[in-house]
Every structure is written in C-alpha cells, then in structure tokens.
Amino acid sequence: DGYRNTNQVSDDYRYQDGNYDAPNDGYYRGGDDPAHEEDAQSDVTEGHDEDDEVYEGEYQGIPHPDDIKEKQKKRAPAVADEYRDRADLMAERMEDEEQLAHQYENIIEECGHGRFQWTLFFVLGLALMADGVEVFVVGFVLPSAEKDMCLSSSNKGMLGLIVYLGMMVGAVLLGGLADKLGRKQCLIISLAINAAFAFLSSFVQGYGFFLFCRLISGLGIGGTLPIVFAYFSEFLSREKRGEHLSWLCMFWMIGGIYASAMAWSIIPHYGWGFSMGTKYHFHSWRVFVLVCSLPCIASLVALKFMPESPRFLLEIGKHDEAWMILKQVHDTNMRAKGEPERVFTVSYIKTPKQVDEFIEIQSSTGTWYQRWLVRITTTLKQVWDNVLYCITAQYRMNTLMLAVVWFTMALSYYGLIVWFPDMIRYLQDEAYESRVKIFDEEEVSHFTFNFTLENQIHRNGEYRNDKFIGMKFKEVRFEDSLFEDCYFEDVRSSETFFENCTIISTVFYNTDLYEHKFINCRLINSTFMKEKEGCHIDFEEDNDFLIYLVSFLGSLSVLPGNIISALLMDKIGRIKMIGGSMLISAVCCFFLFFGNSESAMIGWQCLFCGASIAAWNALDVITVELYPTDKRATAFGILNGLCKFGAILGNSIFSSFVGITKVVPILLASSALVGGGLLALRLPETREQVLM
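Numbered according to the working numbering, the sequence shown spans residues 584 to 1275.
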C-alpha cells in the first residue's frame, strides 16, 4: 500500500488499457483526493522534475493520510479472518489468484520481451547446461577412473546410477523448497551444492568418498531443472512462453556437446596432472571433472545479479518488491528499444490473501539450534503439504497422467541412451573376436618374446627355455600348454589366462600374472617374485574416441528437433507435440532391428534423439503451465524426480540384455513410447492459458 498515480482521478484502480477493473473490495487503489495532495507529498519518496511535477508511475513511499484512516478501518475484518472457515479463505485466495493471473499477464505484456529476458535466458541457460554436463561426466571418466580406483563392474554400475539417485532426491526436495523460499534463492543453493561437491570430487582418491561427492553433486544439480523452468516462465508472456522455454532447452544439448568436446580434448592427455608421492595422483580425468564444473560456477555468479521472480513475491504478499522488479524489467527493455521515456503505468497489483500460518520465533526463545530446527521442520512440512496437494484434489488426474508420460519417456530414452553405446561396444567385441588367431601344437625354445601378443589362442603348445621380457599380453589364452625353464620379467597383461597348463621351474618377476589368471594349472618348482603393485582387475580397452564421438553426435542430433519444436510449440500446441514426437520415436525404435553395424547403430541413435527431443521440450512447457505459482516448482520436481527413477530402471533393464537379445529392449521402449504418447493426447491444452 503506498503507490500513487497522479493521472488517476478515481479511487477505483483501472488498468491502463481498460481491460482490468479491480473490484471495490477495500484495497488501496492509489487514488488521491486533490484537497490533500499537498499534505501527502514527500520530496524524498516522490519523483520530481524542475517544475515540481510528479512522474507518472513513480514509486510513492508515503500513503495519503485518508488512506491511513481507511487502512485502520480495514483491520477489523483482518482479525475476523482468524475465525473464518479455512475453506472460505482458500476460496477467496483462489479468486484473488485468478484476478492476479490475468492482471500479471497484462503487466508482463506491458513490460515487453527484450534485453532483460534475454539476459536471464543466458544465465539460466548456463544452469541448464550444467545439468546436461552432469549426466555425461561419469560416463566419460569411468574408463580412466576405474584404473585409478580399481573399480569392479558392480562399483562402476553404482557410480553410474548414484548421480541419477541424487538428481531424483534433489528435484523433489529443492523443487518443493523453491515454492516456499523463492526461485532465485533455491537455485543459488542448488548450484552451490553442485559446484562445491563436483569440485571436491576431482581431488578425492577413495571410491567411497568419490561416490558420496557425486551423489551430493547430483542432488544439487537435480534441483536446477524444475527451478529454472518455473523461474523463467514467470517472466514470459503467454505468446512467448512456449517458444522461449523451448529455446532454453537447447542449453541441455549444449551441455552434452561441451562435455564431449572437453572429454576428447583433456582425458587422453595423461600428462595433464601431477602426483604427490605414490598415494596421491591427479590425472587428466580429474582435470576434466574440474572443467565440467565451470558452467555451474558461471551461472552461480551471474545469478547474483538477477532479481527474484515477481510472480512468486506477489504470491507470498510482497507487493512492493514485486512492483520494483517489474518496473526494472520494463525500464530495462524500454531503454534497450530506444524508448527510455516510456513509463511503467502500473501502480497497484493484486496480491492473494495469505492463508499459511507463519511462526516468528523470538531470539530469546530456546537455543539457536532449537530455533533453526523449528524453522526447518515447519518449512519441510509445508513442502510435504504441497507435494500431497499436487496428487490430490483438482490436480490429481493431470499429475497422474503427466507422471505416466514422464516415466515412459524417461524409461525408453535413458534406457536406449545407455543401450546404444553398449551395443556398439558389443559389436566391436564381436568383430574383434572374429579376428582371433589360433595356434595349435606349436613348439618354441630358446626364444625371447619382447613384443605384444594380442587376440591369440595357443593350444597344446610347448615352450622351453623361453624368455618373456618387457612385453604385454592382450586377450591371450594358453590352453593345455607346457612351460618349462621359462623366465617372465616386467610383463603386463589384460584378459590373459593360462588354462590347464603345466608350468615347471619357471620364474615370474615383476609381473601382473596373478594367481587368478592360472586356471586349473599345475605349478611345479615355480617362483613368483615382486608382483606388480596396484589393481588386480583386468579392464576392457575402450575406444575412448568412439565413446566421445557417439555422445557428441547424439547431443548434436537434437538440434533440428529443438529448432522445430521451438518454432511450432505455440502453433500446433503442447499436446500434439508430445504425442506426435513420442509416436515418431516409437517408430524409430523398430528400425533398430536392422542395426547390425556400428555406423547403423550410431545413425539410429541420432534419429531417435532428434525425434524425441520435441516431446521433452513440450513436457517441460506443459508441466510449467498446468500448475499454479505456489505449486509449480513442487509439481515439476515430483515429475522430474519420477523421470530420474525411470532413468535408473531404464539403465538397469536395458543394459542387462546387451549381447543376449535386441527384441526385449526395442519392444519395451516402443510400447512405453506408444502408451505414453497416446495418454499425452488426453492432457488439457495450455497454450491459450495464462500462468496461474
């Protein structure tokens, strides 16, 4: 209460274009009685020029004396609210919110779309880019990290899933908090958690601590997606919302491209690191983890200069702060358009009735941790109430249908994204095994092996007085062979085994031919001296370049889909976009039956990613638009958390069928996409809807 517009001559507020007339419900409208104009003015709070004229729309900090009396008369009904039924208060609040939604839409249209929105677009884009990077980081560092940390297959699987688990929890928790504490504040918390623990994870040496850091890092970045879309949508008008939220989705693609490019340029350079003694090693993959935290840090710094969402501030009754931010948006855009003389004509904005009960704890009450405990438990209870509200009452059906669509989309998309590189690796292994060389009944004596033996099988051979010095065995198997008076020194091996062999008077010095590599062998008078230190696990030799190339092409392939969805989102609608994209993606899945080569699999992966991205973009838009401001981030967080749960299931299920059958993954993905796409067509269309 404290805004005046000197061009108004009535106590009833009327919006500038005449489209909005506020009811005479006792709110202060900013009208002035000319007889008391002189008493009410203040040179400190009112805008004046040389002729002592008040600028239209200028912030007026001191209300009219008559308005003070009027406010005192209004206090009695406010006290009476305590004795009114909560249902009546909620009904009045919903009526206020509907009026605010239409007025806010008009205000955003008056503010225009310009420099402010584009600045916020790039700041929030960096946060979304950090989310995209986080998905790819672990997959890129695993081939190198598994050697440093001696990771078994189960350890690697857990490290791949732990990030999604953190994202799932973070989406629900931080998304819910954003509806109570504010979009900007929670996004800063989210990015700070991610940046801190991602940075820390690059230095830790143990597997357990690294796993913990990636879990908390995932928890932090999990909150960015629901907050970013809720935050940005509240600065967009109805005509711009679908298109510009779709453009924002492109930063997730940019994050994948950035991660792929950095991995290819940094990880293969093993010299980019340092060691401190024999225990601490900082290799190139750790440099890559550091570089991947840069988008998050950049967004965190830039976000400090951005304002809170005015729509959120109005929702919690902070009228003055919201008005100042909206004026800032208006003035920034008008100056950029070369129209600095245009003034912000809004003097009053409807604020909904506040129903929640807030407890202010005095500093003398209890100890500091007791006060904080009460605040935290109260906030978490409010978040939980919001979660329950999204799955009950008027939003139940929409939430259930959206949950199915999100889950089916995540199950098929993330499952296939993991299945594609695994299938490519399996096809590579098949081709490698087909080139194996087999040696039967060879006899070698007094010969020195000082070169690499690769992809060979030696059966029924005899090796006498031979030396194996400074060499490597790679995918070599000796079966039913005899080694007598041989000498092995400085030998490295990978996937090499001795099966049913007889080894007599042989010395093994400084080798990694450990006990588990001798299967059903007879060792007679043989000696093992100074075994190589380090991990005793054999690791697959991955084609790093192919891994980076597949991820890079998969990320780049969504560019056409992003452009098409952005241009058509407001023309054909959200529902048709989701349904059409998911059905086309299902058709693409069937062509995977013909993917019998590496190039074919890469091609079908690019086609699938390009077709499915439109559904993801439309899902983000419709989820934002279906829920009101005080539930928007919470609902988005619930659905995005369910999406990450679908990703965990998809990764686990699809990867288990690699090398066994292609039928189950393809049919599962196709049926999930068809079911989700058909159900999406029953959702309400929201492109003509104002943001509630």
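All C-beta atoms, glycine included, are put in the ideal place defined by N, C-alpha and C.
If contacts are defined as beta-carbon pairs under 8 Å, then residue i and residue j qualify, I think. What distance do you get, rounded to the angstrom?
i: residue 707; j: residue 752; result: Going by Cβ atoms, the distance from residue 707 to residue 752 rounds to 22 Å, so no, they are not a contact pair.
i: residue 1086; j: residue 1066; result: 5 Å
i: residue 1206; j: residue 985; result: 6 Å
i: residue 1094; j: residue 1074; result: 4 Å
i: residue 1061; j: residue 1076; result: That pair is no contact at about 11 Å.
i: residue 575; j: residue 740; result: No answer is possible for residue 575: it lies beyond the span of the chain, which begins at 584 and ends at 1275.
i: residue 1259; j: residue 1193; result: At roughly 18 Å, the Cβ-Cβ gap does not stay under 8 Å, so residue 1259 and residue 1193 are not in contact.
i: residue 1046; j: residue 1027; result: 5 Å
i: residue 897; j: residue 683; result: 6 Å
i: residue 900; j: residue 934; result: 5 Å
i: residue 711; j: residue 749; result: Not really, about 17 Å apart at Cβ, beyond 8 Å.
i: residue 886; j: residue 771; result: 6 Å
i: residue 805; j: residue 774; result: Actually they do not touch by this definition, with Cβ atoms about 11 Å apart.
i: residue 1043; j: residue 1064; result: 7 Å
i: residue 695; j: residue 895; result: No, residue 695 and residue 895 are not in contact; Cβ-Cβ is about 21 Å, not under 8 Å.
Alpha helix (DSSP H) containing residue i: first to last residue?
i: residue 1103; result: Element bounds for residue 1103: n/a, residue is neither H nor E.
i: residue 910; result: 902-919
i: residue 1023; result: Unbroken run through residue 1023 is the beta strand (DSSP E), 1020-1023; no alpha helix (DSSP H).
i: residue 788; result: Element bounds for residue 788: n/a, residue is neither H nor E.
i: residue 781; result: 766-784
i: residue 839; result: 821-849
i: residue 958; result: 951-973
i: residue 1009; result: 979-1017
i: residue 1330; result: Summary: the structure shown does not reach residue 1330, with the chain confined to residues 584 through 1275, and so no result is reported for it.
i: residue 881; result: 877-886
i: residue 1152; result: 1141-1155
i: residue 809; result: 807-816
Which one or two residues does DSSP pair with residue i in a beta bridge?
i: residue 1112; result: 1092
i: residue 1086; result: 1066, 1106
i: residue 1046; result: 1027, 1066
i: residue 1059; result: 1039
i: residue 1075; result: 1055
i: residue 723; result: None; residue 723 has no bridge partner.
i: residue 1081; result: 1061, 1101
i: residue 1032; result: 1051
Does the beta carbon of residue i come closer than 9 Å to any beta carbon on chain C?
i: residue 1051; result: Structure shown: chain C not included; a single protein chain is present.
Count the CB pairs spanning the region 1237-1256 and the region 992-1009 that are closer than 8 Å, and state whether there are at least three. Contact between the region 1237-1256 and the region 992-1009 is present, because at least three Cβ pairs lie under 8 Å.
Would the region 1211-1226 count as touching the region 760-774 if we require 3 or more Cβ pairs under 8 Å? Touching, yes.
Three or more C-beta pairs below 8 Å linking the region 1133-1140 and the region 1150-1158: Remark: fewer than three beta-carbon pairs, one from each stretch, lie closer than 8 Å, so the region 1133-1140 and the region 1150-1158 are not flagged as touching.
Can at least three beta-carbon pairs, one atom from the region 687-703 and one from the region 816-825, be found at a separation below 8 Å? A contact exists between the region 687-703 and the region 816-825.
Which complete alpha helix (DSSP H) runs does the region 1174-1260 hold, if anything under 4 residues is left out? Fully enclosed alpha helix (DSSP H) runs of 4 or longer: 1181-1209, 1212-1238.
Counting beta carbon pairs with one atom in the region 1019-1026 and one in the region 1247-1263, are three or more of them shorter than 8 Å? Under the Cβ criterion (8 Å, minimum of three pairs), the region 1247-1263 does not count as touching the region 1019-1026.
Between the region 724-742 and the region 779-794, do at least 3 Cβ pairs fall closer than 8 Å? In short, these stretches touch, since the Cβ pair count reaches three.
At least three beta-carbon pairs within less than 8 Å, the region 839-854 to the region 921-930: The answer is no - the region 921-930 does not touch the region 839-854, with fewer than three Cβ pairs under 8 Å.
Answer yes if the region 871-880 comes into contact with the region 764-780, meaning at least three C-beta pairs across the two stretches below 8 Å, and no otherwise. A contact exists between the region 764-780 and the region 871-880.
Only counting runs of 4 or more residues, tell me where the alpha helix (DSSP H) segments fall wholly within the region 692-747, in order along the chain. Qualifying alpha helix (DSSP H) stretches, in chain order: 698-732.
Quick test of the definition: if touching needs 3 or more C-beta pairs under 8 Å, does the region 1183-1200 touch the region 992-999? With a cut-off of 8 Å, the region 992-999 and the region 1183-1200 count as touching, because enough Cβ pairs lie within range.
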